[in-house]
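Report on the following structure.
In full-length UniProt numbering, the protein residues as written are 1 to 170.
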């Protein structure tokens, strides 16, 4: 799975449903969205008996819930057939370099941050923190968006590459 395919999928969903609100898109896709106490988990996606679920920790802030929901939609789109749940907790193996987590992060960045919005703020010399704050995402997601744009030939300075498991640390 390359950035181009991930971008196409995210942009097709936005075009089809005329929104980049991940909660609405999850509903339109027929994914059962639930909020539960999850302690160390921010959220997870699971597929059981042809039923799709996104479960989000009911104790996280609105921005994190939005990012987690978009991330989990990425798992629905690309990793439904894995048959395992990639829980980000202390008992799970390290997800720092997990390809499914990286792909879900790329999907969330592409889904939540339009190219136009990113470039408009970058042209105003906004920092990644400012871009993230203004667009209602985490700083790491703004950096991932810059990485995606760099893969298309842009030359944006990305101070560091966010780890695949950054959501578990927020």
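Don't be surprised by glycine CBs; every beta carbon is placed ideally from N, CA and C. Keep in mind the model is a prediction, meaning the values are calculated, not measured.
Contact belief for residue i with residue j at Cβ below 8 angstroms, rounded distance in angstroms
i, j, result
"residue 101", "residue 165", "6 angstroms"
"residue 42", "residue 60", "6 angstroms"
"residue 108", "residue 141", "6 angstroms"
Whole-angstrom distance between residue j and residue i, CA atom to CA atom
i, j, result
"residue 122", "residue 155", "12 angstroms"
"residue 80", "residue 160", "30 angstroms"
"residue 3", "residue 25", "21 angstroms"
"residue 135", "residue 146", "14 angstroms"
"residue 139", "residue 21", "19 angstroms"
"residue 31", "residue 64", "19 angstroms"
"residue 46", "residue 75", "9 angstroms"
"residue 144", "residue 50", "31 angstroms"
"residue 119", "residue 40", "34 angstroms"
"residue 152", "residue 35", "36 angstroms"
Per-residue DSSP class, three states only, for residue i
i, result
"residue 43", "strand"
"residue 52", "strand"
"residue 62", "helix"
"residue 123", "helix"
"residue 159", "coil"
"residue 152", "coil"
"residue 86", "Interpretation of residue 86 is limited by its pLDDT of 46, a score under 50 that renders its predicted location unreliable; the figure taken from the coordinates is listed afterwards. In the structure shown, residue 86 sits in coil (DSSP, three-state: anything other than H, G, I, E or B)."
"residue 27", "helix"
"residue 72", "helix"
"residue 185", "This structure gives no information on residue 185, because the portion of the chain shown stretches from 1 to 170."
Bridge-paired residues (DSSP) for residue i
i, result
"residue 36", "57"
Any chain D beta carbon closer than 7 angstroms to residue i
i, result
"residue 64", "Among the protein chains of the structure shown there is no chain D, as only one such chain exists."
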